[in-house]
Structures are given as C-alpha cells and as structure tokens.
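Visitor: Chains as they are written, first to last, in full-length UniProt numbering: chain E, 1 to 230; chain R, 1 to 230.
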DNA sequence: AATCCGCCGCTTGTATACAATATTTCTTGC
DNA sequence: GCAAGAAATATTGTATACAAGCGGCGGATT
C-alpha cells in the first residue's frame, strides 16, 4: 500500500509532521498500542529524528500518544471504560453549546441550522453513512459556533480528534441514522424556541445515546479479537 | 557536569524542564506576552536548547504558550473574554463531577467530603486566604475523584493549570470566602442527599460566581494598566 | 529629507554525533 | 535444563554544529 519505500519526497505537501502522524493514527494506519519508532518514522518522512520527536511530544500533549520515559512513544490504547468517560465529557460540552445556542441564536443562525438539518435529512435519505457523518458533523459544528464560546469550540475539537477514529464507526447502522435525525430535530426545535435547558438535555442525551451504542460496539470488537492482552 | 556559568543553583531537583518553565509562568515570573528565548532559558537551566524546545512545544500543546512559526514562543496572553469562556467550561465540567458524585458517593466518600469541608471552614476562620485556597482545592478535588470519571478529572486538571495563575487572585476577599463556604455547604448537602441535578446546579453557580467576580477583577486590572495594547 | 533596497546579525529549525539507559540475548553456574 | 548475571545491542535523550528566515540598520537614490 505504501509505496514510499525510502525518502522519495514523501511529505512534499505535508505542512508539518504532527498532522501527518496524527493522520496515520486517525486513519488507523497506526493502531492503538503500536510503538512509534523514531528512526523508522524519520526514514519514512525523509527527515531527521529531531522533528519527529517534536511531533511525538506534541501528540503526547494532545493525548493521542503516550510516552514512557526511556521506553518510547505508543499510540494510546483507549480502553472501553476511558472511552465512555470521554464521551460523557463530550456530551456535557456539546450540551453546553446547545444551551448557549438556544440563548443566543439569531434568526440567521436558526436559518443556518435549518439548512444543516436539511442537509442531514438529505444525507439520511441517500443512505450513505459517510455523507451523513459529515452532514451530522456540520450540524453539530454550527451549534458550537452559535454557542459563541470559542474556547469551548476549540476544546471540543481537541476531544473530537481523540474520538474521531472510533466515532466514524458508529453511524453505520441505518436505524441509528434515523434516530439521530429525529434527535437533531428535537435539538433544533428547542434551540429555535429558545429553551436552553431543553436544548441542553436533548443534546446531552443525543450524544449519550451515541455513547451507549458505541460502547456496545467497542465491547463487541474487543470481545471478538480478544488477542490484545498487553 | 553541571557547569552553568551564571548558575543560581537552578534545577538540581527539577524532574523535567516542562514543569520548571510551567512554574515560572504560573507563579508569574514569566508574564503573559513575554517572549521565551530558547538560549536564555537553556543557559539558565544549564542545559542545551534541545530539551528547552521540547518543553516549549509541550507547553504550547497544553495551551500555556503560543508559538509563532519562525518567531518564537510567547506566554499566552489570555484576554478577559477568553478567560470567561474558560471559566464557563470549567463550571460545566465541575458541575458534571458534582452530578456524578451525587449519584455515586458512598458513605466513606461523604465522610471524606465532610472532612474537606471542615478543613475549609477552619481555613476560612483562620482568615488566611492562601490556606483557604488549598483547602478549597482539596474539596473540589475530592468531588472530582468521587465523580469517578478519570478522564474528566484529568481534563479539569489541565484546564485548571491554565486558570491557576489567575485563580489564585480571586479568593482574596474575605466576604467571598464566606460565600464560597456556604456554597460548598449547599453542594455537599445535595451530594449527600443524592440529588444529582441540585448538586450540579450548585456547583455550576459556585464556579460561575467565581467567574463573574473574577472577570470583574481582571477587567479592573486591565483597565488600570491600560498599557498593553497589542 | 524621506523612502526604499540590501546587508548583517540574531533566532529558530534541522541534522548529526554522542551519551545514557532499557532490553535482549548469550553464557555460565547450579 | 533452568536461572541469573553480564555483555551486547538498540533506542531514547542530549548536545553541538549547521542551515534558513526574519528583523533591524544603514546607505543610496529620488
């Protein structure tokens, strides 16, 4: 698959190494628990160890990579329990966005949200789960923007990066897409009516449901492989 | 081997540079907006630029430091607006802890909380705001632990680091200490009664009040100096 | 005299060389 | 044959040397 055997202009368009390695983790090219060998990465990217190390430290600070003092860096292996915790936090942060959005949304904002929702509906009808994934993301992001808390928006982005690799799996089921759309409608209605508490609750449970379904999925996956005892 | 020429016995016991520089920022030795010169820091700590750079990158990823591509690293200057946003997120995260704690607290947990609260009361009576600061922190941390969400606990720690430099200023007023103590009592009562929603609300408003008071303080400070127009 | 262009120094970014430590394997003794 | 220790190896952490941009300063030109 990877034809870049040795340093042949591998990363000509890569802005920085950090994103490149991050992509490998997010796309699954680097599995959780995998060791990140500095010299191998350096060779692959055609650079020296120094920038690789910088990237690894940054990723460690972001939480995608775990570093052990003299042992090296590993892709963090997020267990089901920790994943549940992360989703719980995500639900709360998104709920806060929704609450703020319900208070602050202007007519133009509501218009934008309606459009995002309509895009979700179209994507849902198309049946393509990937399309719905992105439309769904746009809907959520619009709410985050309307919420008006830039720091919160940024933190959600960070957290989402850590969940992204897993999250992509969760909306494959058609039934879930339909339910998701209905939940979006409820959120939208609450925001439109300026009911902040209702909007927050709707959003929280929306994400929480994803959490539950997702935890089940992960548990199943873990059970199936059952060959990763560290 | 340590031959720092201008050495003030700098970092003999410092575990790593990152914490050392972080301390300088948190204690105010390095003011917001200050430039972090790599060679100066390297000389001060008696190491080469390499570990300094690592530390700076880590701090940048944590959010305490801002890096501009070829310009260097600066202590991030958090404006009042951003600060408000950060406190809002903090309030929500702490509220989540309290909600979980109300659900999950055992008798032993409640006992621990009572003790922390009592320590706060003693500190409040002593009138020493620093003592109260630490007792208050212990109380909050106990709730975070009881909440049972390790990831949440960790994220709050991260966020708190970014607020710590400012937060230390906020409990100086005697009246605020008394009010804080009463709010703690309300939180404790709700957790003890297992009323999760009430506990969350009490905690949220507790932190939100700090936010308001604090924002006022910062605004005053900014107004007073009024010599840092970016 | 003011402005624009080019040079010089300073700082960051990268590479390579070296030192220190963890892991692994081989040898030796029981 | 197995275990324990020691050496060898491999990998991380650090230092120094070098390359590349950005900023400031001065001179020349209009």
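All residues carry an ideal CB built from backbone N, CA and C; glycine is no exception.
In chain order, what residues of the same chain lie with their CB nearer than 8 Å to the CB of residue 139 of chain E, ignoring the 5 residues before and after it?
Guide: Within the same chain, and ignoring the five residues on either side of residue 139 of chain E in sequence, the residues whose Cβ sits closer than 8 Å to its Cβ are 113, 116, 117, 119, 120, 184.
Visitor: Please list the partners that residue 211 of chain E has in chain R, where partner means a Cβ-to-Cβ separation under 8 Å.
Guide: Within chain R, no residue comes near residue 211 of chain E; the closest Cβ sits about 12 Å away, beyond 8 Å.
Visitor: Name the residue from R:155, R:111, R:19 whose alpha carbon lies nearest to the alpha carbon of residue 52 of chain R.
Guide: R:19
Visitor: Please report how far the alpha carbon of residue 194 of chain R lies from the alpha carbon of residue 106 of chain R, in whole angstroms.
Guide: 10 Å
Visitor: Using a Cβ cut-off of 8 Å, pull out every chain R residue sitting near residue 57 of chain E, in sequence order please.
Guide: 54, 57, 58, 61
Visitor: Taking 8 Å as the CB-CB limit, is residue 89 of chain R close to chain E?
Guide: yes
Visitor: Under 7 Å Cβ-Cβ, which residues of chain E neighbour residue 155 of chain R?
Guide: Residues of chain E with a Cβ closer than 7 Å to the Cβ of residue 155 of chain R are, in chain order, 89.
Visitor: Taking Cβ positions only, does residue 151 of chain E come closer than 8 Å to chain R?
Guide: yes
Visitor: May I ask you to report which of helix, strand or coil DSSP gives residue 192 of chain R?
Guide: Helix, per DSSP.
Visitor: Give me the Cα-Cα distance between residue 28 of chain E and residue 218 of chain R, rounded to the nearest whole angstrom.
Guide: 45 Å
Visitor: Beta-carbon of residue 94 of chain R versus every beta-carbon of chain E: anything under 8 Å?
Guide: No - not a single Cβ of chain E is within 8 Å of the one on residue 94 of chain R.
Visitor: Can you tell me where the alpha helix (DSSP H) holding residue 89 of chain R begins and where it ends?
Guide: That run of the alpha helix (DSSP H) goes 80-104.
Visitor: Entirely within the segment 38-82 of chain R and at least 4 residues each: give me those alpha helix (DSSP H) ranges in chain order.
Guide: 38-45, 49-62
Visitor: What alpha helix (DSSP H) runs, 4 residues minimum, are completely inside the segment 124-180 of chain R?
Guide: 129-147, 150-167
Visitor: State the DSSP-derived secondary structure class of residue 35 of chain R, mapped to helix, strand or coil.
Guide: strand
Visitor: Apart from the five residues on each side of it in sequence, which residues of its chain come closer than 7 Å, Cβ to Cβ, to residue 102 of chain R?
Guide: The beta carbon of residue 102 of chain R lies closer than 7 Å to those of 190, 191, 194, 195, 196, 199 in the same chain, with the five residues before and after it left out.
Visitor: Can you list, in chain order, the residues of the segment 66-90 of chain E whose Cβ is nearer than 7 Å to any Cβ on chain R?
Guide: 82, 85, 86, 88, 89
Visitor: By a C-beta neighbour count over all protein chains shown, 10 Å radius and 16 as the cutoff for buried, is residue 78 of chain R buried or exposed?
Guide: buried
Visitor: Given a cut-off of 8 Å on the beta-carbon distance, is the pair residue 58 of chain E and residue 34 of chain R in contact?
Guide: Contact: no.
Visitor: What's the C-alpha gap between residue 67 of chain R and residue 165 of chain R?
Guide: 20 Å
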